[in-house]
Structure formats: C-alpha cells, structure tokens
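Numbering (mature numbering (1 follows the signal peptide of the UniProt record, and there is no 0)) for the sequence shown: -22 to -1, 1 to 293.
The beta carbon of each residue, even a glycine, is placed where N, CA and C say it ideally should be.
Here the structure is laid out as structure tokens; the discussion comes afterwards.
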Amino acid sequence: MKILRKVLFQRTAMLSFSLAFSAAGIAGDQQYLGQYFSKTVFAGEIRSSGVSTAILTDSDLIRGNNEEETIFQGSVPEGSQSFQLFDGYLVYDTVNFRAYPTMGEASVTVFFDDGSALYDVNSIIDRFAFYGSTTLFYLLDQNELISAGKTIHDIVDVSLNDLVDHDLNYSDFGFGNIIEDNSSPEAPDVEAPDNEEDTTIVGTAGRDDLRGSEKSEIFLGFGGERDVFRGNGGDDIFVFGAEAGDSKKDRDIIVDFNVFDDTLVLEEGASIAASRINNGTLVIKLAGSDGDIIRLRNVDTGVDSINIVELDGEF
C-alpha cells in the first residue's frame, strides 16, 4: 500500500450539494413514482422482458413492514393493473392485484444490451406465477446503474445471486415521491463547481451524487450510506473514515478514480481491513464492525497502486 504521508489537511472553499429525491410524508397514502424491470419465463426460457413505469403506494410510510404496500404497473397515473411488491398474500379482482407484502431484498447480476454485466447490485424482488409461466419483477439500485454509466433501459436480463439485507429507501430504487398535486418528482439542478482554488464538495447524511469539475476538488461524503463520487478530472481528494464506527454500513462508489492523480484519504481511526478486485473494480473494506466498503470503478491494480493518505485526526 502506497502511504504518502500523515498530515492534517487545511479546509478550503466549501460547496455543498446533493442529488436526491425527498420522501417526506403527506396526508393519506404515500405514493412513489419510478420504473422496474420485469421478465416472464416459461419452460425455462425468457418469453418477454421490459421496463415499465409504476406507482408505489404505501399508506404507513414504512417500507417492508407488511403494511399496505402496492405497486400499480402500466400507464401513469392511471395504471390499470397492480402487482405485489414482495412475496405475500395476493388478492385478484377485475381491475388489479393488491398485496400486503413481506420483504424480498436481494443481490442480483444485471446484464446490458452491449454485452457487459454489473454484479452484486442491490434489488427488491417479487414474482408472480400463472399457468406455468413466472414473471419476475426487479426494483434496482439506481446509483449502481448510474455508476456504471447505464440506465434501466439498457438492461436485457437480471439474475438472482442471493437474498441479502440492505435496507435501501424507495428513492434508492429510482422512486421519487409524488407530491400532492400529483406531479412527478424532479431532481434538483446540479452544477459542477467552478473555483480557482481547491473546492471542498460536501454531501449530506443522506445519499448523495457528488460531482466535481476538471479542476481539483476535495470530496467529503459526510456519512451518507451510499454516496457516489465523480471527480470529472483534476487532482481530486476523496475523504473517508470519520463515520467508520457510526453503525451504518456505508457503501460508497468513486466512479472515475485516477490512480495517478487522485488521492484516497483515511481519517484517524480508519484503516483498510481487506481489498479485492471484482470485475474491474477495486473493493476496499474498512476495519470496524460496520464493514464500510469503498468501490473504485475501473481500478484493477490493487491498493498498492493508489495514493493513500492517513490523517492524524479528522479532516
């Protein structure tokens, strides 16, 4: 491992922004708008697959607690059919299926139309069997797709790896909150910083999509559990570690880490417990009971090849 130095960095100009949907409660049922991938299998063969828009309704605002959760698939906002989000009791009438579902969290492999694949993607799954055919429904972690430069429309197939516990929110699967006027959610505008000196880009305690510019920036995720970082050029610094013991399982991704120019900073108390190469991604696990993980996309040369700074204190 290439440890450069033990130092305390001086904070510079600071810019804070994030890209996230709000899921604050409103009166009555809570509704979310998004998309899912589905495929129908008959006699072991895929007979159909595709992407549809869906409305998810949750009357108690608590995901996966077996209370009043239904997805309406089809045209929006007047879906003519609905299906259960998770595996649970199913009631059928002439208009829709309704369900009071249980959890169905999983890790899946996603295959794209250019022949590439993305492994270990978090998903919520469900299935519906009807006269010998089985339809499988997948809500997919959108930031995992974004980090690979893909969208749900690039998918040709999804396969189940294992059932896992990941506790993601609806917005993590691309479902934005539908506000009272029934308009669809809009992501806030995000502009890359433009500052002659190094700019510190700070996230929130939630999930952020943090983007830099061609200049040099310092990135602070600030404890978000699943932050995505894009340096977009320059000699960037990515700071981790202060929240290594906060009981959150952080799963952060640096999309474009440059092993020659960029630097990974570990604050005091943070250290690397293990690392591995997984399909062109360097996966770094930090020491501690939380098992925090940092993924460096398109880095396949190991931790010895990257610039690492250990701090005597917090950033």
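### Query
In this structure, what does DSSP give as the bridge partners for Val88?
Paired residue(s): Leu96 and Val136.
### Task
Report, in whole angstroms, the separation of the C-beta atoms of Ala248 and Lys263, which I expect to be a contact under 8 Å.
The beta-carbon distance between Ala248 and Lys263, rounded to whole angstroms, is 11 Å. This is too long to meet the 8 Å contact definition.
### Query
Measuring CB to CB, does residue 296 end up less than 8 Å from Leu198?
Nothing can be reported for residue 296, as the shown portion of the chain is limited to -22 through 293.
### Message
With distance defined between alpha-carbon atoms, name the residue in Tyr148, Leu274 and Gly28 nearest to Asp135.
### Response
Selected option, being the one with the closest Cα: Gly28.
### Task
List the residues that DSSP assigns as beta-bridge partners of Arg25.
Arg25 pairs with nothing; no bridge assigned.
### Task
Identify which residue in Lys128, Val237, Gly269 and Val243 has its Cα closest to the Cα of Leu260.
Relative to the Cα of Leu260, the nearest Cα in the group Lys128, Val237, Gly269 and Val243 belongs to Val237.
### Host beta strand (DSSP E) of Glu195 (start-end)
The continuous beta strand (DSSP E) containing Glu195 extends over residues Glu195 to Leu198.
### Task
Return yes when the Cβ of Glu245 is within less than 8 Å of the Cβ of Val217, no when it is not.
In contact: Val217 and Glu245 (Cβ atoms closer than 8 Å).
### Task
Pull up the distance between the alpha-carbon of Asp278 and that of Arg254, whole angstroms please.
Answer to the nearest angstrom: the Cα atoms are 9 Å apart.
#### Entry: Collapsed DSSP secondary structure at Asn43 in the structure displayed
Reliability of the predicted coordinates at Asn43 is poor, the pLDDT of 46 falling under 50, and the value obtained from them is presented with this limitation in mind. Taken through DSSP and simplified to helix, strand or coil, Asn43 comes out as coil.
### Message
When you compare the CB positions of Ser26 and Thr87, do they come within less than 8 Å of one another, or not?
### Response
Their beta carbons are not under 8 Å apart, which means Ser26 does not touch Thr87 by this criterion.
### Ser253, DSSP secondary structure in three states
Ser253 falls in the strand class under three-state DSSP.
### Task
Go ahead and label Glu292 buried or exposed: buried means 16 or more other beta carbons lie within 10 angstroms of its beta carbon, across all protein chains shown.
Exposed, by the Cβ-count rule.
### Task
State the DSSP-derived secondary structure class of Asn276, mapped to helix, strand or coil.
Coil, per DSSP.
### Rounded C-alpha distance that separates Asp213 from Ala126
Each residue's CA atom was taken as its position, placing Asp213 and Ala126 some 22 Å apart.
### Message
I'd like to check one pair, Ile232 with Arg189: are the Cβ atoms closer than 8 Å?
### Response
Contact annotation: Arg189 and Ile232 have beta-carbon atoms that are not nearer than 8 Å.
### Query
Do you know whose CA, among Thr129, Phe207 and Val142, lies nearest Gln13's CA?
Residue Thr129 is the option with its Cα nearest to Gln13.
### Query
DSSP beta-bridge partners for Phe115?
Paired residues: Ser16 and Asp104.
#### Entry: Rounded straight-line distance, which links the Cα of Gln120 to that of Lys17
Rounded to whole angstroms, the separation of the alpha carbons of Gln120 and Lys17 is 18 Å.
### Message
Based on DSSP bridge pairs, tell me the residues matched to Asn121.
### Response
Here Asn121 is not bridged, per DSSP, to any residue.
#### Entry: Presumed contact (8 Å Cβ cut-off) between Ser85 and Asp98, rounded CB distance
That belief holds up - the Cβ atoms of Ser85 and Asp98 are roughly 5 Å apart, short of 8 Å.
### Message
If you measure between the beta carbons of Asp230 and Ile272, is that distance less than 8 Å?
### Response
Yes; because the gap between Cβ atoms is below 8 Å, this pair is in contact.
#### Entry: Proximal residues to Glu122 (C-beta, below 6 Å), its chain only, five neighbours per side dropped
Excluding sequence neighbours, Glu122 sits near Val99.
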